[in-house]
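Novice:
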Amino acid sequence: MEEYLRPSETIDFDHPEVQAFLRNCGWTMLAPWPAATAAYGFVRDEVSHSFDAGNPLPTLTASETLRERTGLCYAKSHLLAALLRGLRIPAAIRYQRVALDEGYCLHAFNSVWIDGQWFDLDARGNNARVQADFSSAGSCLAFVPSEERGEETLDGYLAEPAPSVIRALREADNVLTMRLPDCL
Numbered sequence: 008m009e010e011y012l013r014p015s016e017t018i019d020f021d022h023p024e025v026q027a028f029l030r031n032c033g034w035t036m037l038a039p040w041p042a043a044t045a046a047y048g049f050v051r052d053e054v055s056h057s058f059d060a061g062n063p064l065p066t067l068t069a070s071e072t073l074r075e076r077t078g079l080c081y082a083k084s085h086l087l088a089a090l091l092r093g094l095r096i097p098a099a100i101r102y103q104r105v106a107l108d109e110g111y112c113l114h115a116f117n118s119v120w121i122d123g124q125w126f127d128l129d130a131r132g133n134n135a136r137v138q139a140d141f142s143s144a145g146s147c148l149a150f151v152p153s154e155e156r157g158e159e160t161l162d163g164y165l166a167e168p169a170p171s172v173i174r175a176l177r178e179a180d181n182v183l184t185m186r187l188p189d190c191l
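If you want it as structure tokens, here you go:
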């Protein structure tokens, strides 16, 4: 479990801005479930999804995403993992392969280890077509994969974001027009 608690270049909960946020939010005194629920709600509801907001600014690291309050699902999953790890709650990055009008892309979400098991949570952000929530009753992800369309939830609980995602976000100057990664 230790790998799901470590900071990294991308999941940088050791960054001063993330540390200050964690000190000020009041979640450090909460038990794991309410702390995870609060962190999830913040990232889902207070950090806009770039497409929904029409914001072209690329964000990659948790600290950038927290500072700018915007990001694609990838950046939002990095921020949520950082906040959870900063609260000493093990958190992983996961991916789905979802169909676009043409081709596929990866969609990122998180899993959190509480009470001896993994729970999926998707902080992409709700809108008219996407409704995701987090509870112990089960997963409620932003997208339900369709086998007919070749979509799937990929196996694995990753401690770090996929290299293809990091590379795509580092190279992007506009996330609204960038080519989204379609494989790990």
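What the sequence shown shows, in my numbering, is residues 8 to 191, in sequence order. Cβ coordinates follow ideal geometry from the N, Cα and C atoms, glycine included.
1) For H22, which of A38, G61, T72, F58 has the nearest alpha-carbon?
2) Are the beta-carbon atoms belonging to P97 and L191 less than 8 Å from one another?
3) Going by C-alpha to C-alpha distance, which of F150, A45, F116, E178 sits closest to H85?
4) When you compare the CB positions of A166 and A99, do they come within less than 8 Å of one another, or not?
5) Report the rounded CA-to-CA distance for F20 versus G78, giving the unit in angstroms.
6) For the putative contact between E53 and L64, defined by C-beta atoms under 8 Å, what is the C-beta separation to the nearest angstrom?
7) Apart from the five residues just before and just after A199, which ones in its own chain have a Cβ nearer than 7 Å to its Cβ?
8) Report the rounded CA-to-CA distance for A149 versus N133, giving the unit in angstroms.
9) Can you tell me which residues form a DSSP beta bridge with I199?
10) Among T160, P188, R30, L90, which residue has its Cα nearest to the Cα of R51?
11) Since P170 contacts T160 with CB under 8 Å, what's their CB separation in whole angstroms?
12) Would P14 and R92 be called neighbours here (beta carbons separated by less than 8 Å)?
13) Please determine, among S146, T17, F58, the residue with the shortest C-alpha to C-alpha distance to R136.
14) Answer with buried or exposed for R186, where buried requires no fewer than 16 other C-beta atoms within 10 angstroms of its C-beta.
15) Going by C-alpha to C-alpha distance, which of A27, D180, A130 sits closest to H56?
16) Is A88 near G157, with beta carbons less than 8 Å apart?
17) To which residues of the same chain is W125 closer than 8 Å at the C-beta, ignoring the five residues directly before and after it?
18) What's the gap between the Cα of T3 and the Cα of S143?
Specialist: With the given structure in hand:
1) Ranking the options by Cα distance to H22, first place goes to T72.
2) Against a cut-off of 8 Å, the Cβ pair of L191 and P97 comes out as no contact.
3) F116
4) For A166 and A99, yes; Cβs fall inside 8 Å.
5) Rounded to the nearest angstrom, the two C-alpha atoms are 17 Å apart.
6) Actually they do not touch by this definition, with Cβ atoms about 16 Å apart.
7) Coverage of the chain is limited to positions 8 through 191, which leaves residue 199 absent and any answer about it impossible.
8) Each residue's Cα considered, the two are about 8 Å apart.
9) Residue 199 is absent from the model: the chain starts at 8 and stops at 191.
10) L90
11) The Cβ separation is near 19 Å, so there is no contact.
12) yes
13) F58
14) R186 is exposed by the Cβ-count criterion.
15) It is A130.
16) no
17) A99, S118, V119, Y164
18) Because residue 3 is not part of the residues shown, which for the chain are 8 to 191, the question remains open.
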